[in-house]
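> What follows is a single structure, and I will ask about it in a moment.
Protein chains: 2
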Amino acid sequence: MPDDIPARGGSHAPGDRNVAAAGPDALLAGLDDYVAASRPEFERRLRELVGAAGVSADPAHAPDIVRTAELAAGQLREAGLSARIVPTAGNPVVVGEYLAGPSRPTVTIYNHLDVQPADPAEWVTEPFQLTVDGDRYVGRGSTDDKGPALTALQAAQYAAARELPLNIRFLWELEEEIGSPNFEAFVRAELPRLATDSVLVSDTIWIAADRPAIDYGLRGLVTFEVTIETGTADTHSGLTGGPARNPLTELAGIVAECVDPATGKVLVPGFADAVAPVSADELDDFVASGFDVDVFMAAHGLTALRVTDAREVVRRIMAEPTFEVHGFTGGYTGPGVKTVVPPRATVKLSARIVPHQQPAEVFALVRDFITTRHPDARVEMEAGLPPYLGPRTGPHAELAANAVDFAFGRRPAFVREGGSIGAVLTMDQYLKAPVTLLGLSLPSHGYHAPNEHFDWTQAAGGIRMFTHYFGGLAAQPR
Amino acid sequence: MPDDIPARGGSHAPGDRNVAAAGPDALLAGLDDYVAASRPEFERRLRELVGAAGVSADPAHAPDIVRTAELAAGQLREAGLSARIVPTAGNPVVVGEYLAGPSRPTVTIYNHLDVQPADPAEWVTEPFQLTVDGDRYVGRGSTDDKGPALTALQAAQYAAARELPLNIRFLWELEEEIGSPNFEAFVRAELPRLATDSVLVSDTIWIAADRPAIDYGLRGLVTFEVTIETGTADTHSGLTGGPARNPLTELAGIVAECVDPATGKVLVPGFADAVAPVSADELDDFVASGFDVDVFMAAHGLTALRVTDAREVVRRIMAEPTFEVHGFTGGYTGPGVKTVVPPRATVKLSARIVPHQQPAEVFALVRDFITTRHPDARVEMEAGLPPYLGPRTGPHAELAANAVDFAFGRRPAFVREGGSIGAVLTMDQYLKAPVTLLGLSLPSHGYHAPNEHFDWTQAAGGIRMFTHYFGGLAAQPR
């Protein structure tokens, strides 16, 4: 119970603690009472953070980012952890720590506390004011990612009070919604202070409400632009049409050379050579995650798909690369048709990539394919993220699965995520520790959508899940 | 000389006039003196009209359109013609008439007095204030189309003063630069008062400064949009990419099915079936117009072409259809790349068409080609203009060529225009009289461009040309 937890301040113990701590069973003994009693504290903390309105995409919210960081640091200290606000070239990272001692294993828990913008006109309630509606917590950031962050904090508070022999470190980023531009620099600068045995990320979504899911893979991404330039000014097709090259037409042709528009099959030779085949066992689990094609279509407002078989749909999202067109610039885009031939046009493209494709290699393949056929096309890479593939078996996966089973009464499906989480890759690269993705959000919670919400059922289960997982980590041989 | 011309007011003579008028040679006897003496009057009239700033595309200039009409009517009356301002659902048409008598032939002269917008930042001088720089007249509308209009007026003033047995009617439109939306309705409503034996349009550009050109053909145009819709909201390619259809990718594929992007060859079966072949003789004249590929490229700021042979370039502009992409809407077009998959996208397309293609037929061919392959593509026609092909031989062509030769010392090349002039088609359809296109503008004058100008050499030659042509028309057997 929160009131039972002694305030611990931010002090770092110099040596080992809790040498007398009991084993996992003892840890779980008072957990249900704690979870039930946690609710008001959890709601108060969520109310504080939602109210801080830390929209990272909008410079007008910069003071709210600062306020979010200060509130979060205060909540960490209140929970018995130390807290420091580490500045970066952009928004700070809040670091919280419960130190059980240098000989104990360490888990690093990543969440982010910045949020997407919110248009009050699209919301039933005030987006930056937590509305408690029965079990539902409505507010911007409630499920992405403040609710999961505070769920982990409640568990850490419990573990710290029980003097669990596990160091627990929180990294709460405040720039995730704008692509984590300074997170890598933060990790590099803080590296001596970030040594860890494992990483836990709680910023993912189950496929179905009744079936917990653990992500063990993420697609990577390479974004790039192709530009064709054949002149210096818009011309009028009555004066130039026929002999004049048309950059938009040529870009359309390039797209059609790279990808079959109907099937999405990438036509660039060699593009898929590095793709690791996905096993039938993995595919079985993807489908067993509760994935439903109709639910998927409704969730994203899709009225037609390239394929409709559930197994094929999830395979494409979780384990297949893509070649996608995101926009054309150049020419006329107002009402009606104006017969301009633009002097230049650009198409914005991306490829989602899967293990073991690499962004630079995929980009080079596509660029060379295009420029060999179109020597004056300018093909420029914008950004790249490698794919991530963690273990779906082994000690951490087993601990995570047991924790989920303990908390939610059902073993999780092991699935992959179609998107990228930059921070996962950064931590994988620099911290060199296994990353486990233990999400709590549900598809119905409305990530990035109006009327975003979280709920107490997921929070309560989450506190139990994280506590169980912490106990397992503490008991694990190093 | 202008001062020699008696003011005639706007009265319409009830019966024939100028029965005692002398023949063509007498008409031309005092012409050179008249032309020389006309210059101050021509410049004053051009200054008045340029200063009226009649930008039809900008509603803020609506009062300037009215002022332009009133000034123009005043100038017609001052020149000895009647004038009336005929309202339409949009901008009015100014009608001026010199009536020689009902038994005399009638020529109808079309010009427009509205102008393109002008951004003062791009101009060396004030765009809506005539600057006389030696022989050059700099100002918005000076060459398109006020200078040519006033050149014809100076000739009509001379002819009227000499009581030439030819009815001369001016139609001065004020919506040409926005596509003549009400000109057809005007012609239909005024039809009983617009009977004519021939039509003269002076709104075209020579190919080269030293070689007069007469247009006898115009390409037509059909504009249309293709839309693909596969959802209701932007989705994130990390969540949907793979199974989700991508409307932009599909539109790119449709474009590539319709046209070879490199050559511009239209791939829609039957598209070119109705194209009338252009004769070697016509092509010879196109090239003899003084067309130069480097000048063409420089004039339009083009740095590369699909073809570089002059004969092939002019053939494509003057006598070949096109399939052109003008813009894509949908997706993300800001800086960088955002990995959205849009729920719908539209591509804006047009086909320039040539005799004897027809807009509705061409559209139906393209629409059916697309929808057969892509049943859920929405293909919608926006606007259509048929091509125009007038005679390049015969009495009016011969009179026009002689007038040009008389005025500029060189027989004109007969060429076609790559664009459309809606008013020509309307007059051809309703007035059922041969249309002759006698332009005076030079490529260097900068149609639609900053620092647009006209010059006295073209004006002086133009007054001689029109006078000679009027004389020829008056002497022609009906």
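Top line first, the protein sequences correspond to chains F and S. First residue of the first sequence? That's 1 in the working numbering, and the numbers climb one at a time after it. First residue of the second sequence? That's 1001 in the working numbering, and the numbers climb one at a time after it. Think of the CB as a built atom: it goes at the ideal place given N, C-alpha and C, for glycine as much as any other residue.
1) Which residue marks the beginning of the beta strand (DSSP E) containing Asp1064/S, and which one marks its end?
2) Once DSSP output is grouped into helix, strand and coil, what is the label at Arg1169/S?
3) Under a three-way DSSP split, which group does Glu320/F fall into?
4) Which residue's Cα is closest to the Cα of Ala377/F: Gly384/F, Arg367/F and Glu70/F?
5) Report back the beta-carbon spacing between Arg1327/S and Leu248/F to the nearest angstrom; my notes put them in contact at under 8 Å.
6) Which runs of the beta strand (DSSP E) spanning at least 3 residues fall entirely within the region 137-169 of chain F, listed in chain order?
7) Which complete beta strand (DSSP E) runs does the region 1247-1301 of chain S hold, if anything under 3 residues is left out?
8) I want to verify the contact list: residues of chain S whose CB lies under 9 Å from the CB of Thr125/F, in sequence order.
9) Can you check whether the C-beta of Asp256/F is within less than 7 Å of a C-beta belonging to chain S?
10) Can you name the start and end residues of the alpha helix (DSSP H) that Gly1051/S belongs to?
11) Please tell me whether Ala290/F and Ala208/F are closer than 7 Å, where the distance is taken between their beta carbons.
12) If I'm right that Gly1217/S touches Gly1390/S with Cβ under 8 Å, what's the distance once you round it to whole angstroms?
13) Kindly indicate the opening and closing residues of the alpha helix (DSSP H) around Glu1380/S.
14) Given that a residue counts as buried once 16 or more other Cβ atoms are within 10 Å of its Cβ, and exposed if not, what is Ala22/F?
15) Please check if any C-beta of chain F sits within less than 7 Å of the C-beta of Asn1246/S.
16) Less than 7 Å between the C-beta atoms of Gly330/F and Leu1302/S, yes or no?
17) Is it buried or exposed for Asp1455/S, if we count other Cβ within 10 angstroms and need 16 for buried?
18) Cβ of Glu320/F less than 7 Å from any chain S Cβ?
19) Are the beta-carbon atoms of Arg1097/S and Leu1081/S separated by less than 7 Å?
20) Taking C-alpha atoms, which residue in His1396/S, Thr1263/S, Gly1422/S and Asn1451/S lies nearest to Ala1433/S?
21) Tell me whether the region 1131-1148 of chain S and the region 1033-1050 of chain S touch, counting them as touching only if at least three CB pairs, one residue from each stretch, are closer than 8 Å.
22) Please decide whether Ala1459/S counts as near chain F, where near means a Cβ-Cβ distance under 7 Å.
23) Should Gly1220/S and Pro1387/S be called a contact, given that it needs their Cβ atoms to be closer than 7 Å?
24) By DSSP, does Ala1022/S sit in helix, in strand, or in coil?
25) To the nearest angstrom, report how far apart Glu184/F and Ala89/F are at their CA atoms.
26) Tell me the DSSP bridge mates of Val86/F?
27) Determine the contact status of Arg188/F and Thr108/F, defining contact as a CB-CB distance below 7 Å.
28) Buried or exposed, going by whether 16 or more other CB atoms sit within 10 Å of the CB of Gln458/F?
29) Rounded to whole angstroms, what's the CA-CA distance from Glu1382/S to Ile1421/S? Just pull it up for me.
30) Residues of the region 1362-1394 of chain S with a CB closer than 8 Å to any CB of chain F: list them in chain order, please.
31) With burial defined as no fewer than 16 other Cβ atoms inside 10 Å of the residue's Cβ, what is the status of Ala213/F: buried or exposed?
32) For Val1115/S, which of Glu1175/S, Met1318/S, Pro1102/S and Gly1439/S has the nearest alpha-carbon?
33) Which value, in whole angstroms, describes the spacing of the CA atoms of Ala1407/S and Gly1461/S?
34) Go to His396/F, then tell me how far its alpha helix (DSSP H) extends in each direction, as first and last residue.
35) Excluding the 5 residues flanking Leu191/F on each side, which residues of the same chain have their C-beta closer than 7 Å to its C-beta?
36) Nearest CA to the CA of Pro40/F: which residue from Leu99/F, Ala26/F, Val124/F and Gln154/F?
Result, derived from the coordinates:
1) Residue 1064/S sits at position 64 when you count from the first residue of the second sequence. Per DSSP, Asp1064/S belongs to no beta strand (DSSP E); it is in the alpha helix (DSSP H), Ala1062 to Glu1078.
2) Residue mapping note: residue 1169/S aligns to position 169 of the second sequence, counting from 1. In the structure shown, Arg1169/S sits in a strand (DSSP, three-state: E or B).
3) On the first sequence, position 320 is the one that residue 320/F refers to. In the structure shown, Glu320/F sits in coil (DSSP, three-state: anything other than H, G, I, E or B).
4) For the purposes of this step, residue 377/F is identified with residue 377 of the first sequence, where counting begins at 1. Nearest C-alpha to Ala377/F: Arg367/F.
5) Counting from 1 along the second sequence, the entry for residue 1327/S is found at position 327. Counting from 1 along the first sequence, the entry for residue 248/F is found at position 248. According to the sequence displayed, residue 1327/S carries Gly and not Arg. That belief holds up - the Cβ atoms of Gly1327/S and Leu248/F are roughly 7 Å apart, short of 8 Å.
6) none
7) none
8) Working through the first sequence from its first residue, we reach residue 125/F at position 125. Going along chain S, no residue has its Cβ under 9 Å from Thr125/F, so there is no contact; the nearest lies around 21 Å.
9) Working through the first sequence from its first residue, we reach residue 256/F at position 256. Per the sequence shown, the amino acid found at residue 256/F is Ala instead of Asp. True, the Cβ-Cβ gap to chain S drops below 7 Å.
10) One-based indexing of the second sequence puts residue 1051/S at position 51. Start and end: Leu1031 to Gly1051.
11) Within the first sequence, numbered from 1, the residue matching residue 290/F stands at position 290. Within the first sequence, numbered from 1, the residue matching residue 208/F stands at position 208. Here residue 290/F turns out to be Gly, not Ala, going by the sequence shown. Yes, the pair counts as a contact, with Cβ atoms nearer than the cut-off.
12) By 1-based counting over the second sequence, the position of residue 1217/S is 217. By 1-based counting over the second sequence, the position of residue 1390/S is 390. Yes, they are in contact, since the Cβ atoms of Gly1217/S and Gly1390/S sit about 7 Å apart, within 8 Å.
13) Numbered from its first residue, the second sequence carries residue 1380/S at position 380. Premise fails: Glu1380/S lies in the beta strand (DSSP E), Arg1378 to Leu1385, not in any alpha helix (DSSP H).
14) Working through the first sequence from its first residue, we reach residue 22/F at position 22. With a pLDDT of 48 at Ala22/F, under the threshold of 50, the modelled position of that residue is not reliable, and no figure is offered here.
15) Looking up residue 1246/S in the second sequence gives position 246. Asn1246/S counts as touching chain F.
16) As a position in the first sequence, residue 330/F is number 330, starting the count at 1. As a position in the second sequence, residue 1302/S is number 302, starting the count at 1. Against a cut-off of 7 Å, the Cβ pair of Leu1302/S and Gly330/F comes out as no contact.
17) Locating residue 1455/S in the second sequence gives position 455, where the first residue counts as 1. Result: buried.
18) Residue 320/F sits at position 320 when you count from the first residue of the first sequence. Yes, its Cβ sits closer than 7 Å to a Cβ of chain S.
19) Here residue 1097/S refers to the residue found at position 97 of the second sequence. Here residue 1081/S refers to the residue found at position 81 of the second sequence. According to the sequence provided, residue 1097/S is Glu. The question's Arg does not apply to it. Yes, the pair counts as a contact, with Cβ atoms nearer than the cut-off.
20) Along the second sequence, read from residue 1 onward, the residue named residue 1433/S stands at position 433. Of His1396/S, Thr1263/S, Gly1422/S and Asn1451/S, the residue nearest in Cα terms is His1396/S.
21) yes
22) In the second sequence, residue 1459/S corresponds to position 459, counting from 1. By this cut-off, Ala1459/S is not an interface position.
23) As a first step, residue 1220/S is located in the second sequence; it is residue number 220 there, counting from the start. As a first step, residue 1387/S is located in the second sequence; it is residue number 387 there, counting from the start. Yes, they are a contact pair.
24) For the purposes of this step, residue 1022/S is taken as the residue at position 22 of the second sequence. Low confidence applies to Ala1022/S: its pLDDT is 48, below 50, so where it sits in the model is not reliable enough to give any reading.
25) Translated into the one-based positions of the first sequence, residue 184/F becomes position 184. Translated into the one-based positions of the first sequence, residue 89/F becomes position 89. Distance between the alpha carbons of Glu184/F and Ala89/F is about 11 Å.
26) For the purposes of this step, residue 86/F is identified with residue 86 of the first sequence, where counting begins at 1. DSSP lists Val93/F as partners of Val86/F.
27) Residue 188/F sits at position 188 when you count from the first residue of the first sequence. Residue 108/F sits at position 108 when you count from the first residue of the first sequence. Cβ atoms of Arg188/F and Thr108/F: not closer than 7 Å.
28) The residue given as residue 458/F occupies position 458 in the first sequence. The residue is buried, with at least 16 neighbouring Cβ atoms inside 10 Å.
29) Counting from 1 along the second sequence, the entry for residue 1382/S is found at position 382. Counting from 1 along the second sequence, the entry for residue 1421/S is found at position 421. Distance between the alpha carbons of Glu1382/S and Ile1421/S: 17 Å.
30) Asp1376, Glu1382 and Ala1383
31) Here residue 213/F refers to the residue found at position 213 when the first sequence is read from its first residue. The residue is buried, with at least 16 neighbouring Cβ atoms inside 10 Å.
32) Start at 1 with the first residue of the second sequence, and residue 1115/S comes out as number 115. Considering only alpha carbons, the answer is Glu1175/S.
33) Here residue 1407/S refers to the residue found at position 407 of the second sequence. Here residue 1461/S refers to the residue found at position 461 of the second sequence. Roughly 5 Å between the two C-alpha positions.
34) Translated into the one-based positions of the first sequence, residue 396/F becomes position 396. From DSSP, the alpha helix (DSSP H) with His396/F extends over Pro395 to Phe408.
35) Position 191 of the first sequence, counted from the first residue, corresponds to residue 191/F. Same-chain partners within the cutoff: Tyr430.
36) Within the first sequence, residue 40/F is the residue found at index 40, counting from 1. With distances taken between Cα atoms, Pro40/F lies closest to Gln154/F.
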